[in-house]
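Peer 1: Residue 335 in the working numbering sits at position 1 of the sequence shown, and the numbers go up by one each step.
We put the CB at the ideal spot given by N, CA and C, even for glycine.
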Amino acid sequence: MEAVRAGAYGPDPARERVALAFTTAQAVRHAGRSSGYRNEVLSLRLDAAVGSCAVEPGVLPAAALDDCVGASAAELLAHPLLPVRIAALDAYLTHVRPHTPGHGARPYALPAGSSLHRSRARARAVVDLLPEAGIRRILAVGVVNSLLEQLRARGLGYVPCDLKGGATEWGEPVRTDALAELERCDAILASGMTLGNGTFQPLLDHAAASGKPLVVFAQTGSAVLPRFLGAGVSAVSAEPYPFFWLDGGPGVIHCYGGTR
Numbered sequence: 335m336e337a338v339r340a341g342a343y344g345p346d347p348a349r350e351r352v353a354l355a356f357t358t359a360q361a362v363r364h365a366g367r368s369s370g371y372r373n374e375v376l377s378l379r380l381d382a383a384v385g386s387c388a389v390e391p392g393v394l395p396a397a398a399l400d401d402c403v404g405a406s407a408a409e410l411l412a413h414p415l416l417p418v419r420i421a422a423l424d425a426y427l428t429h430v431r432p433h434t435p436g437h438g439a440r441p442y443a444l445p446a447g448s449s450l451h452r453s454r455a456r457a458r459a460v461v462d463l464l465p466e467a468g469i470r471r472i473l474a475v476g477v478v479n480s481l482l483e484q485l486r487a488r489g490l491g492y493v494p495c496d497l498k499g500g501a502t503e504w505g506e507p508v509r510t511d512a513l514a515e516l517e518r519c520d521a522i523l524a525s526g527m528t529l530g531n532g533t534f535q536p537l538l539d540h541a542a543a544s545g546k547p548l549v550v551f552a553q554t555g556s557a558v559l560p561r562f563l564g565a566g567v568s569a570v571s572a573e574p575y576p577f578f579w580l581d582g583g584p585g586v587i588h589c590y591g592g593t594r
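Right, here's the structure in full:
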């Protein structure tokens, strides 16, 4: 945010205005799964770019959308709500650093099909960003059962963590304190939602200090997280709006970093 305000990425954020603000809410329970979940995402349109930040369902004030429409990116980077600040930063960076090979992105095609089929395809792409060797136990921050399923298929151990707690599809207890689990894991697989709920910085600090791989799968902050490559983040699966769960057609995500 400081770099954007200082003009490090080019266009003055005070001159870039958000034309459209919207939320996307979904509830899903994949066929064959014992439980489901809900998502809500705040998205801001800046020119052709859309920036997003996931929020807990029902917690975003309705007035937040009114705050965003017509406001400059600079104004929204100072908004009192962290999700608004993250969505604004993501929109600005998507605008000035789009997901193209020239900016380091590798496109990964997602197939058409059911939400579960597409979720599993995304999971394969994300797990492929982990190192092939030297990883025994992964701290999975933000429980996504398709990702855990892929880790299990590859014989990788993991510690599932999520602020909501509960249990995984396989009955494993979900830890709620990710920081307490860092020392017993040798890699971190984290959701971009950590940006929007304020829990990303300690993960980044630990990865930078320890040299452990930190792979982030990002619908939230998809253009923000690649900026941390080489500064704690080792790889990013960037998925800007529209997300894979919105329709059944083919799509694309963008991979940064990694060794494969």
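(1) How big is the Cα-Cα spacing for A337 and Y343?
(2) Let me confirm a value: Q535 is counted as buried when at least 16 other C-beta atoms fall within 10 Å, else exposed. Which label applies?
(3) Let me confirm a value: K498 is counted as buried when at least 16 other C-beta atoms fall within 10 Å, else exposed. Which label applies?
(4) Using CA coordinates, which residue listed in D424, A443, P576, V460 is at the minimum distance from L380?
(5) Please classify L513 as buried or exposed, where buried requires at least 16 other C-beta atoms within 10 Å of its C-beta.
(6) Between which two residues does the beta strand (DSSP E) holding R440 run?
(7) Assign R470 to one of two classes, buried (16 or more other C-beta atoms within 10 Å of its C-beta) or exposed (fewer than that).
(8) Grouping DSSP H, G and I as helix and E and B as strand, with all else coil, what is S448?
(9) My output table needs one value for P536: the three-state DSSP class, helix, strand or coil.
(10) Reducing DSSP to helix, strand and coil, say where H429 ends up.
(11) Do you know whose CA, among V375, A353, V362, lies nearest A527's CA?
(12) For the beta strand (DSSP E) that contains G526, what are its first and last residues?
(13) Measure the Cβ-Cβ separation of G585 and L444 and say whether it is below 8 Å.
(14) For G436, which three-state DSSP category applies?
(15) Ends of the alpha helix (DSSP H) at V338?
(16) Since T428 and G385 are thought to touch, with beta carbons under 8 Å apart, how far apart are those beta carbons, to the nearest angstrom?
(17) Is A353 buried or exposed, if buried means 16 or more other CB atoms sit within 10 Å of its CB?
(18) Would G500 pass as a contact of V508 if the rule is Cβ separation under 8 Å?
(19) Consult DSSP for L410 and reduce its assignment to one of helix, strand or coil.
(20) Can you tell which of P395, V393, A408 has the C-alpha that lies nearest to the C-alpha of R339?
(21) Of the choices G447, D520, T434, whose alpha-carbon is the least far from that of A467?
Peer 2: The short version:
(1) 7 Å
(2) exposed
(3) exposed
(4) Out of D424, A443, P576, V460, D424 has the C-alpha closest to the C-alpha of L380.
(5) Exposed, because fewer than 16 other Cβ atoms sit within 10 Å of the Cβ of L513.
(6) Run containing R440: 440-444, per the beta strand (DSSP E) assignment.
(7) exposed
(8) S448: coil per DSSP, three-state reduction.
(9) Correct three-state label for P536: helix.
(10) helix
(11) It should be pointed out that residue 527 corresponds to Met in this sequence rather than to Ala. Taking only the C-alpha atoms, the option nearest M527 is V375.
(12) Run containing G526: none; DSSP gives neither H nor E here.
(13) yes
(14) helix
(15) 336-339
(16) 5 Å
(17) exposed
(18) Cβ distance < 8 Å, so G500 and V508 count as in contact.
(19) For L410, the secondary structure class from DSSP, reduced to helix, strand or coil, is helix.
(20) Checking every option, the nearest Cα to that of R339 belongs to A408.
(21) D520
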